[in-house]
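Counting from 169, one number per residue, gives the positions in the sequence shown under this note's numbering.
Okay, structure first, notes after.
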Amino acid sequence: ALTAKALVSVGSTSEAEAFLGWVHGVLATLPGPERLHPLYTIAGTNLGPEAVIDTLPGYAGSRPVRVGNLANQQVQLDVFGPVVDLVTALSLARGKLTDDDWRMVCAMAEAVTQRWHEPDHGIWEERHRPRHHVYSKVMCWLTIDRAVKLAESYGRKPNAAWPGLRDQIASDVITKGWNDEVKSFTTAYDGTDLDAASLHVGLVGLIDPTDDRFQSTVTAIEAELRSGSTVYRYRRDDGLPGNEGGFHLCAAWMIEAYLLTGRRTEAEDLFAQIVDAAGPTGLLP
């Protein structure tokens, strides 16, 4: 959804149309979107169970070799927000909201209504107990916010409870996601660890980017997770062996956060560093 939205922003809508068509196909196999799994095959079918193949050494001895993905059984409540946000961007680009897309938005808003208050495993699929992740709550807020705005823009009938729910989720995030000790919105409600994904509290507009708490969050995440051109997702045990590597997507979020908080010089500098990291084909690893 994030990739398709990026393409819509530069004028190419066919990828978004095709992706949403695929999502409609997956949803047609489910009793409701609240049962949406994080992962599917390209054909839209379920993955098999995760298993380790001991007889294979892996590339350059990089064991274990796995098939399947245990994350497919996780609860990830952030999955609805980017899809509904994509519908919003695509509808604006083509000047209309289709009935099928509106039905999907309503169903996803209903799924959020039912489950937003639950803990989940979060965007990074950590193999620990579920937590109340700030990013997941923000994406639940985004789902409801965009559903309300789509209804207003295209003359659709919204659920009367949506505006109140949007305010309730925002209040929950602002009250429980902010940590006075570290002066930042944290990874989750129960700790002081930081996560680049929490930048979305300001990137999607749950709080105004001029809010001191967002400015402070950008500074704290920069100090904790940025190293030169590299921005890490987090620096904590995620239940998997090995060390965490940098993530270009998080650097892109940091650039956006710099721009929204008036730090254009830092934004341009980090952008230039990322461009310089591209290989001879222009691709980033």
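Glycine is no exception: its CB is placed at the ideal position from the N, C-alpha and C atoms.
Because the structure is a prediction, the values reported are computed rather than measured.
In the DSSP assignment, what are the bridge partners of residue 288?
Answer is 299.
Give the range of the alpha helix (DSSP H) segment to which residue 397 is assigned.
Where residue 397 is concerned, there is no enclosing alpha helix (DSSP H), given that its DSSP letter is neither H nor E.
Does DSSP put residue 382 in a helix, in a strand, or in coil?
Helix at residue 382.
Where does residue 400 land, buried or exposed, given buried means 16+ other C-beta within 10 angstroms?
Its Cβ being crowded by 16 or more others within 10 Å, residue 400 is buried.
For the pair the region 210-229 and the region 281-292, tell me if three or more CB-CB distances fall below 8 Å.
No: fewer than three Cβ pairs fall under 8 Å.
Tell me whether residue 237 sits in a helix, a strand or coil according to DSSP, three-state version.
DSSP places residue 237 in coil when its eight states are reduced to three.
If you run the structure through DSSP and keep just helix, strand and coil, what is residue 352?
In the structure shown, residue 352 sits in a strand (DSSP, three-state: E or B).
What does residue 220 pair with, by DSSP beta-bridge criteria?
DSSP output for residue 220 lists 234 as bridge partner(s).
Could you say if the region 402-411 and the region 361-373 meet the contact criterion of at least three C-beta pairs nearer than 8 Å?
In short, these stretches touch, since the Cβ pair count reaches three.
Note down the Cα distance separating residue 192 from residue 272, rounded to an integer number of angstroms.
Rounded to the nearest angstrom, the two C-alpha atoms are 8 Å apart.
For the 8 Å Cβ check, are there 3 or more pairs between the region 340-348 and the region 292-309?
The answer is yes - the region 292-309 touches the region 340-348, with three or more Cβ pairs under 8 Å.
With a floor of 4 residues, list each alpha helix (DSSP H) that falls wholly inside the region 308-349, ordered by position along the chain.
The qualifying runs are 330-344.
Grab me the residues of residue 240's own chain with a C-beta within less than 7 Å of its C-beta, minus the 5 sequence neighbours each way, in chain order.
Same-chain partners within the cutoff: 205, 206, 207 and 215.
Considering only residues of the same chain and omitting the five flanking positions on each side of residue 331, which have a CB-CB separation below 7 Å?
The answer, listed in chain order, is 316.
Using only the alpha-carbon positions, how far apart do residue 420 and residue 439 sit?
Near 8 Å, if we compare the C-alpha coordinates of residue 439 and residue 420.
Tell me whether the beta-carbon of residue 413 lies closer than 8 Å to the beta-carbon of residue 295.
No, the Cβ-Cβ distance between residue 413 and residue 295 is not below 8 Å.
Report yes or no: do three or more beta-carbon pairs, one from the region 321-330 and one from the region 352-361, lie closer than 8 Å?
No, they do not touch.
What would DSSP say about residue 414, mapped onto helix, strand or coil?
In this structure, residue 414 counts as strand in the three-state DSSP scheme.
Distance check for residue 221 and residue 246, CA to CA, integer angstroms please.
About 31 Å.
DSSP state of residue 201, grouped into three classes?
The answer is helix: DSSP assigns residue 201 an H, G or I state.
Starting from residue 369, trace the alpha helix (DSSP H) both ways and give me its first and last residue.
Taken as a continuous stretch (DSSP letters only), the alpha helix (DSSP H) holding residue 369 covers 368-371.
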